[in-house]
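Note sheet for the following structure.
Residue numbers (the working numbering): 3 to 62.
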């Protein structure tokens, strides 16, 4: 019953958390984590894109 309550009324995680899609770190300070990381700017937002999905970052 307690688990159903937290799941039905917005538990601590959003519904799509942990599904492995659209994962991007949001940080106030972004930096390259490896040689393949590239710093780009899209619509005024600094982003790091990389072959390694763990390195994806957005400044915000």
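Quick reminder that beta carbons are idealized off the backbone N, C-alpha and C, glycines included.
- Between residue 60 and residue 41, the CB-CB gap reaches or exceeds 9 Å.
- According to the DSSP assignment, residue 43 belongs to the beta strand (DSSP E) that extends over 40-44.
- Counting along the chain, residue 29 sits inside the beta strand (DSSP E) bounded by residues 27-29.
- Scanning 30, 53 and 62 for the CA closest to the CA of residue 45 turns up 62.
- DSSP places residue 48 inside the beta strand (DSSP E), whose first and last residues are 47-51.
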